[in-house]
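J.: Okay, here's the structure, questions in a sec.
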Amino acid sequence: MLDNIFNTLDTLEDALAGLSRESEPDAKGAFGSTGKIDMKYNPLELEPSWQKRWEKAGVFKAVEDPSREKYYLLEMFPYPSGKIHIGHVRNYTIGDVVARYKKMCGKNVLHPMGWDAFGMPAENAAIENNTHPAKWTYENIENMKAQLKRMGFSYDWDRELATCDPDYYRWEQLVFLEMYEKGLAYRKKTHVNWCEKCQTVLANEQVEDGCCWRHPEQEVAIKEMNSWFLKITDYAEDMLEYCEKLPGWPDRVLSMQKNWIGKSHGAAIRFPMVGPEEAIEVFTTRQDTLYGATFMCLAPEHPMVQEIIKGSSQEKEVLDFVARTLKMDTFMRTADFTAKEGVFTGRYCLNPMTREEIPIFVANFVLFDYGTGAIMAVPTHDQRDFEFARKYDLKLQVVIKPEDAELIEEDMTEAYVDQGILVNSGPFNGQRNLEALDSIADYLEEQGIGHKTVNYRIRDWGISRQRYWGAPIPMIHCDACGIVPVEKEDLPVVLPLALDMRPNGGSPLPFDPSFTETTCPKCGSKARRETDTMDTFVESSWYFDRYACPDYQDGPLDATRVDYWLPVDQYIGGIEHAILHLLYSRFYTRVLKDLGHIGIKEPFTNLLTQGMVCKATQACSQHGYLFPKEVENDRCTRCGAEVINGNIVKMSKSKKNVVDPQELIDRYGADTVRMFCLFASPPDKDLEWSEQGVEGSHRFLQRIWRLVTDNLEDLKTVKGFDEKTELQEPLKSVHRKTHETIKKVTDDIENRFHFNTAISAVMELVNETNQFLNTGEQRDAAAWAVVRRAVETTIILLSPVVPHITDHLWQLMGHEGFLLNAPWPDYQEEALVTETKLIILQVNGKVRSRIEVAASSSDQEIEAAALADEKVQRHIKGKSVKRVIVVQQKLVNVVV
RNA sequence: GCGAGAGUGGCGGAACUGGUAGACGCGCUGGAUUUAGGAUCCAGUGGGGUAACCUGUAGGGGUUCGAGUCCCCUCUCUCGCACCA
Numbered sequence: 015m016l017d018n019i020f021n022t023l024d025t026l027e028d029a030l031a032g033l034s035r036e037s038e039p040d041a042k043g044a045f046g047s048t049g050k051i052d053m054k055y056n057p058l059e060l061e062p063s064w065q066k067r068w069e070k071a072g073v074f075k076a077v078e079d080p081s082r083e084k085y086y087l088l089e090m091f092p093y094p095s096g097k098i099h100i101g102h103v104r105n106y107t108i109g110d111v112v113a114r115y116k117k118m119c120g121k122n123v124l125h126p127m128g129w130d131a132f133g134m135p136a137e138n139a140a141i142e143n144n145t146h147p148a149k150w151t152y153e154n155i156e157n158m159k160a161q162l163k164r165m166g167f168s169y170d171w172d173r174e175l176a177t178c179d180p181d182y183y184r185w186e187q188l189v190f191l192e193m194y195e196k197g198l199a200y201r202k203k204t205h206v207n208w209c210e211k212c213q214t215v216l217a218n219e220q221v222e223d224g225c226c227w228r229h230p231e232q233e234v235a236i237k238e239m240n241s242w243f244l245k246i247t248d249y250a251e252d253m254l255e256y257c258e259k260l261p262g263w264p265d266r267v268l269s270m271q272k273n274w275i276g277k278s279h280g281a282a283i284r285f286p287m288v289g290p291e292e293a294i295e296v297f298t299t300r301q302d303t304l305y306g307a308t309f310m311c312l313a314p315e316h317p318m319v320q321e322i323i324k325g326s327s328q329e330k331e332v333l334d335f336v337a338r339t340l341k342m343d344t345f346m347r348t349a350d351f352t353a354k355e356g357v358f359t360g361r362y363c364l365n366p367m368t369r370e371e372i373p374i375f376v377a378n379f380v381l382f383d384y385g386t387g388a389i390m391a392v393p394t395h396d397q398r399d400f401e402f403a404r405k406y407d408l409k410l411q412v413v414i415k416p417e418d419a420e421l422i423e424e425d426m427t428e429a430y431v432d433q434g435i436l437v438n439s440g441p442f443n444g445q446r447n448l449e450a451l452d453s454i455a456d457y458l459e460e461q462g463i464g465h466k467t468v469n470y471r472i473r474d475w476g477i478s479r480q481r482y483w484g485a486p487i488p489m490i491h492c493d494a495c496g497i498v499p500v501e502k503e504d505l506p507v508v509l510p511l512a513l514d515m516r517p518n519g520g521s522p523l524p525f526d527p528s529f530t531e532t533t534c535p536k537c538g539s540k541a542r543r544e545t546d547t548m549d550t551f552v553e554s555s556w557y558f559d560r561y562a563c564p565d566y567q568d569g570p571l572d573a574t575r576v577d578y579w580l581p582v583d584q585y586i587g588g589i590e591h592a593i594l595h596l597l598y599s600r601f602y603t604r605v606l607k608d609l610g611h612i613g614i615k616e617p618f619t620n621l622l623t624q625g626m627v628c629k630a631t632q633a634c635s636q637h638g639y640l641f642p643k644e645v646e647n648d649r650c651t652r653c654g655a656e657v658i659n660g661n662i663v664k665m666s667k668s669k670k671n672v673v674d675p676q677e678l679i680d681r682y683g684a685d686t687v688r689m690f691c692l693f694a695s696p697p698d699k700d701l702e703w704s705e706q707g708v709e710g711s712h713r714f715l716q717r718i719w720r721l722v723t724d725n726l727e728d729l730k731t732v733k734g735f736d737e738k739t740e741l742q743e744p745l746k747s748v749h750r751k752t753h754e755t756i757k758k759v760t761d762d763i764e765n766r767f768h769f770n771t772a773i774s775a776v777m778e779l780v781n782e783t784n785q786f787l788n789t790g791e792q793r794d795a796a797a798w799a800v801v802r803r804a805v806e807t808t809i810i811l812l813s814p815v816v817p818h819i820t821d822h823l824w825q826l827m828g829h830e831g832f833l834l835n836a837p838w839p840d841y842q843e844e845a846l847v848t849e850t851k852l853i854i855l856q857v858n859g860k861v862r863s864r865i866e867v868a869a870s871s872s873d874q875e876i877e878a879a880a881l882a883d884e885k886v887q888r889h890i891k892g893k894s895v896k897r898v899i900v901v902q903q904k905l906v907n908v909v910v
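Convert by adding 14 to the 1-based position in the first sequence; the result is the number in our numbering.
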């Protein structure tokens, strides 16, 4: 099939060569309609043919070469869901333009692609369609790979990897064992989110509005169970610090990461128990209010709760409350509309400063995950504590007063949270509360009651998933020896493929004796394999390293190659992955460095987060959201009701406001789709899909196609332009525009990724060239040489954006080879020089006139010309000129 | 509530360090070509006014010879985090 197209094209070119001989010069010379070839722009034939040629020539292959400067460009790899969607198209188009541009600039470019191939959808699809996750996944990969190739992306497919391949995850298992040895991976019993339908633990981010993200009707339960964790908290401080050392990252991503890490300075303070137990430790950032702490609250999960109520008369009441609270999901429990509730434990502890006995409560709003899971409550200066105190009639004690007023506890209607002066605070009375933070912390330390500390919001990364389609955690449970790591030489622990999926959605792994039954590496007795698999974010935390050496068999990473390519110079992906994946990758890179696998800490030097692709929704009162196909003339095709046009929101299957990239490719070709994705808006902003916009992009491609084919003979036969030629207007202007465009496009791509303005600039050049050809008088060889240079520049500058049509036109014009191997053009300063300059004339800051002056004019001459201008004269008549501002070569402002 | 970003024609968006606001594209209007439609080409297109000119970048104030751009306040929208002690 492709071969046929190939042959067709070759024949076409022969035909063209023949035609050129038939053309006859008309009276005006070589211009006019001669050489006009009836040849249509047919992207559907032309594009696959060029894709095949690129592949055959291996133009996208990246080879390590220490003598050349490398450039590693990476787009976030996709989950192989079956088909590419428009978000992929946009993401990968942006990346492809940069990759092609950098290659043309002479960089040794690495531009790989692969598959984030483990994950739940494969298991669900397998159950639904009675197939196997592996089969489903690999079929999807084949489909999507074909689609990506059809888009013409410049990937080095020799480096392709799929994370579900044992050759990939075996190294992840090895790194896990190394982390385990260093204490960076551990197992603990803890409270987790559990979805009954998925039969697995969910990460916090997979819980939406208290329900499972995949089962919006299924409330997430809190379950206490054993899970594996990676010690990301060990690196929290370093990752936070390096947020300041990533100038190539968008501020908003960095601020999200800082937010997520959530460092806060404060103090850990011990409140001694009244009774046999030792003390309860709290974390606070407000040790300045310590004298006002009149009660204590524990999180329901706090282990001391069980301890201190044992045998007391409150026991049942407290246990009921704890059980009731823990049954609520975290979202409901922590929602701001959920009332603050608690129960008295019947026990007291001492405020370490006032030595007063204060009651201990269990409260629903105290988070076990944050700080120590216990808080000192200061109702006078914390709104939550205030509400709680009022509800349970607890003591209030003011310890900060505003500078010019008194606070009376009984009269307070809300907590006083502003700054002020300390009162009722022993030796600290009279100090400003913020200044007392340090002195109180020091005092605590001296007295052995507490110490300064920092607390992080970030928790260790729970990576256990009770799922089948993931990388097995390489551990063994032995009754005698406990948890024993798999021997490194026994890796990989391969995921068994021959088993039946369970209809309830649970993992089949625990029920497969061929997998679970093993022997303990330590004592040799019967033992059981760990059946949890790893969170798929683990795979995506190092795939970019493995691209450097996907075939390496002696370890996770080949140091020589990884050192050459890493770090990623430019990473591009959706903002929706901004926190977790990027945070995990930064953590994992640090781990790999500490384990000696890699030399860098930060994996991504520059990050571009592209905006979402959006489109208006359409709905019908009867049938809900409608696909574009289900709408005709603003009416629902099923019931004829008028459609309701909704907001412009992110494209999603559930809202049915989607366009299928494949349909667009089949209709317009890949180049048009690529061009529209770039032209419609800058990459970091959201893109609003517009069918008319796509048509516009297609029209532009047809316009350059005609510009070349309509004038092919003249363009082809004219001699190359000698840059030293002295040109007259209007030729000079076309030539100047050519160089201005090179400058503008280079700047837009290199420094700003503003492809939309780069394309605009080329459009301007095409417009000017067309205008010259349509209206220009001069039609000799000199003119054609200038036009040829303009047209060739157009083609080269557009080649990263629309690589197929440009390679084709390049060849039609008689060039050999691919534009990807052509050098990116330089502009010449001399070509930008103009003889005259346009000067804007203002009077009192308002534009009144504009004049042309010789470029060589001095400021004095320009000022004189401005004052002599008729319109300026009219506006300053009868007034005295107070001041004249002359902005070099640009503007004159006359102040009267 | 906290943090970040944004607000410019009928629409998507330009205007990089303060210096012609609206590049480029879409749409629309008129004209040419065409049997017609499409495609293509030419002209026009922020609002008001015959014109000179006036007015205009969410609203208000300020700095400046000059503000879409800088500063302060207000409003609206989007995103992230959120009972974080």
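Even for Gly, the Cβ is constructed at its ideal location relative to N, Cα and C.
The structure displayed is predicted, hence computed values, not measured ones.
(1) Determine the direct distance from the alpha carbon of Met-310 to that of Tyr-384, and round the result to whole angstroms.
(2) Taking 6 Å as the limit between beta carbons, can you name the residues of its chain near Gln-927, skipping five residues before and five after?
(3) Within its chain, find whatever has a CB closer than 6 Å to the CB of Met-118; leave out the 5 residues flanking it on each side and keep chain order.
(4) Look at the alpha carbon of Ala-869 and the alpha carbon of Glu-740, and state the distance between them as a whole number of angstroms.
(5) Are the Cβ atoms of Asp-452 and Ala-429 separated by less than 8 Å?
(6) Nearest-angstrom Cα distance between Lys-669 and His-125?
(7) Per DSSP, Met-626 is paired with what?
(8) When DSSP labels each residue in this structure, what does Asn-154 get in the three-state scheme?
(9) For Asp-583, report the span of its beta strand (DSSP E) as first-last.
(10) Determine, using beta carbons only, whether Pro-314 and Leu-340 come nearer to each other than 8 Å.
(11) In this structure, how does DSSP classify Asn-122 when only helix, strand and coil are distinguished?
(12) Compare the beta carbon distance of Leu-244 and Pro-499 with 8 Å and say whether it is the shorter of the two.
(13) Looking at Ala-836 and Ile-819, is the spacing between their C-beta atoms short of 8 Å?
(14) Determine the direct distance from the alpha carbon of Arg-104 to that of Glu-702, and round the result to whole angstroms.
(15) At a cut of 8 Å, does the region 265-283 reach the region 448-463 through at least three beta carbon pairs?
(16) Exposed or buried, Thr-352, counting other C-beta atoms within 10 Å across all chains shown (16 or more means buried)?
(17) Determine the DSSP secondary structure at Val-376, reduced to helix, strand or coil.
(18) Gln-874: which of Ser-863, Arg-888, Val-900 and Thr-850 sits nearest, CA to CA?
(19) Between the Cα of Leu-312 and those of Ile-322, Ile-389 and Glu-321, spot the shortest distance and give me the residue it belongs to.
(20) Determine which residues share a DSSP beta bridge with Asn-240 and list them.
(21) So the beta strand (DSSP E) Leu-88 belongs to, where does it begin and stop?
(22) Using 8 Å as the threshold, is the C-beta distance between Lys-629 and Met-665 below it?
(23) Note the first and the last residue of the continuous beta strand (DSSP E) segment covering Val-498.
(24) Is Trp-475 helix, strand or coil by DSSP?
(25) If distances are taken between C-alpha atoms only, which option among Pro-744, Asn-154, Lys-211 and Asp-583 comes closest to Gly-262?
(26) Specify the secondary structure class of Pro-12 as computed by DSSP and reduced to three states.
(27) By a C-beta neighbour count over all protein chains shown, 10 Å radius and 16 as the cutoff for buried, is Asp-736 buried or exposed?
(28) Taking Tyr-602 as the reference, which of Asp-565, Ile-100 and Ala-199 has the closest Cα?
(29) Would a C-beta distance cut-off of 8 Å place Ala-235 and Thr-308 closer than the cut-off?
(30) Give the secondary structure of Asn-725 by DSSP, where H, G and I count as helix, E and B as strand, and everything else as coil.
(31) Between Leu-715 and Asp-762, which are expected to be in contact by the criterion C-beta below 8 Å, what is the C-beta distance as a whole number of angstroms?
(32) Around the Cβ of Glu-420, are there at least 16 other Cβ atoms within 10 angstroms (buried) or fewer (exposed)?
(33) Taking all protein chains shown into account, decide if Ser-327 is buried (16 or more other Cβ within 10 angstroms of its Cβ) or exposed.
(34) My understanding is that Cys-257 touches Lys-272, with C-beta atoms under 8 Å, so please give their C-beta distance in whole angstroms.
(35) Thr-359 lies in the beta strand (DSSP E); which residues open and close that run?
(36) Compute the distance between the beta-carbons of Phe-382 and Pro-393, then report whether it is under 8 Å.
T.: This is what the structure gives:
(1) Position 370 of the first sequence, counting from 1, holds the residue named residue 384. Position 296 of the first sequence, counting from 1, holds the residue named residue 310. Roughly 15 Å separates the two Cα atoms.
(2) Because the chain is modelled from 15 through 910, residue 927 falls outside the range shown and cannot be assessed.
(3) Your numbering for residue 118 matches position 104 in the first sequence. These residues qualify, in order along the chain: Trp-838.
(4) Taking the first sequence and counting its residues from 1, one reaches residue 869 at position 855. Taking the first sequence and counting its residues from 1, one reaches residue 740 at position 726. Computed Cα separation, rounded: 18 Å.
(5) Here residue 452 is taken as the residue at index 438 of the first sequence, counted from 1. Here residue 429 is taken as the residue at index 415 of the first sequence, counted from 1. No, the Cβ-Cβ distance between Asp-452 and Ala-429 is not below 8 Å.
(6) For this step, residue 669 is matched to residue 655 along the first sequence. For this step, residue 125 is matched to residue 111 along the first sequence. Taking the straight line joining both Cα atoms gives about 33 Å.
(7) Within the first sequence, residue 626 is the residue found at index 612, counting from 1. Partner(s): none; Met-626 has no beta bridge.
(8) Position 140 of the first sequence, counted from the first residue, corresponds to residue 154. Helix, per DSSP.
(9) Along the first sequence, one-based indexing puts residue 583 at 569. First-last of the beta strand (DSSP E) with Asp-583: 582-588.
(10) In the first sequence, the residue the question calls residue 314 occupies position 300. In the first sequence, the residue the question calls residue 340 occupies position 326. Going by C-beta atoms, Pro-314 is nearer than 8 Å to Leu-340.
(11) Reading the first sequence from its first residue, position 108 is the one you call residue 122. Asn-122: strand per DSSP, three-state reduction.
(12) On the first sequence, position 230 is the one that residue 244 refers to. On the first sequence, position 485 is the one that residue 499 refers to. Not closer than 8 Å, so no.
(13) Here residue 819 is taken as the residue at index 805 of the first sequence, counted from 1. Here residue 836 is taken as the residue at index 822 of the first sequence, counted from 1. Cβ atoms of Ile-819 and Ala-836: not closer than 8 Å.
(14) If you number the first sequence from 1, residue 702 lands on position 688. If you number the first sequence from 1, residue 104 lands on position 90. Approximately 12 Å, taken between the alpha carbons.
(15) yes
(16) Locating residue 352 in the first sequence gives position 338, where the first residue counts as 1. Classification for Thr-352: exposed.
(17) Stepping through the first sequence from its first residue, residue 376 is reached at position 362. It is a strand residue.
(18) Indexing the first sequence from 1 puts residue 874 at position 860. If we check each option's Cα against that of Gln-874, Val-900 comes out closest.
(19) By 1-based counting over the first sequence, the position of residue 312 is 298. When each option's Cα is compared against that of Leu-312, the closest is Ile-389.
(20) Translated into positions along the first sequence, residue 240 becomes position 226. The partner list for Asn-240 (beta bridge, DSSP) reads Lys-203.
(21) Position 74 of the first sequence, counted from the start, is the residue given in the question as residue 88. Counting along the chain, the beta strand (DSSP E) containing Leu-88 begins and ends at 84-89.
(22) For the purposes of this step, residue 629 is taken as the residue at position 615 of the first sequence. For the purposes of this step, residue 665 is taken as the residue at position 651 of the first sequence. Against a cut-off of 8 Å, the Cβ pair of Met-665 and Lys-629 comes out as a contact.
(23) Within the first sequence, the letter at position 484 stands for residue 498. 496-499 is the extent of the beta strand (DSSP E) around Val-498.
(24) Here residue 475 refers to the residue found at position 461 of the first sequence. Trp-475: strand per DSSP, three-state reduction.
(25) For the purposes of this step, residue 262 is identified with residue 248 of the first sequence, where counting begins at 1. The candidate whose alpha carbon is nearest that of Gly-262 is Asp-583.
(26) The displayed coordinates of the chain run from 15 to 910. Any statement about residue 12 would go beyond what the structure contains.
(27) Position 722 of the first sequence holds residue 736. Burial call: exposed.
(28) For this step, residue 602 is matched to residue 588 along the first sequence. Closest option to Tyr-602, Cα to Cα, is Ala-199.
(29) Position 221 of the first sequence, counted from the start, is the residue given in the question as residue 235. Position 294 of the first sequence, counted from the start, is the residue given in the question as residue 308. Not a contact, by the Cβ cut-off of 8 Å.
(30) If you number the first sequence from 1, residue 725 lands on position 711. Asn-725 falls in the coil class under three-state DSSP.
(31) Here residue 715 corresponds to residue number 701 of the first sequence, with the count starting at 1. Here residue 762 corresponds to residue number 748 of the first sequence, with the count starting at 1. The pair is not a contact, with the Cβ atoms about 19 Å apart (cut-off 8 Å).
(32) Here residue 420 is taken as the residue at index 406 of the first sequence, counted from 1. Under this definition Glu-420 is an exposed residue.
(33) To locate residue 327, count along the first sequence from 1; it is residue 313. By the neighbour-count rule (16 or more Cβ atoms within 10 Å), Ser-327 is not buried but exposed.
(34) Within the first sequence, numbered from 1, the residue matching residue 257 stands at position 243. Within the first sequence, numbered from 1, the residue matching residue 272 stands at position 258. Cys-257 to Lys-272, Cβ: 5 Å. Contact.
(35) Residue mapping note: residue 359 aligns to position 345 of the first sequence, counting from 1. First-last of the beta strand (DSSP E) with Thr-359: 356-364.
(36) Position 368 of the first sequence, counted from the start, is the residue given in the question as residue 382. Position 379 of the first sequence, counted from the start, is the residue given in the question as residue 393. Not in contact: Phe-382 and Pro-393 (Cβ atoms no closer than 8 Å).
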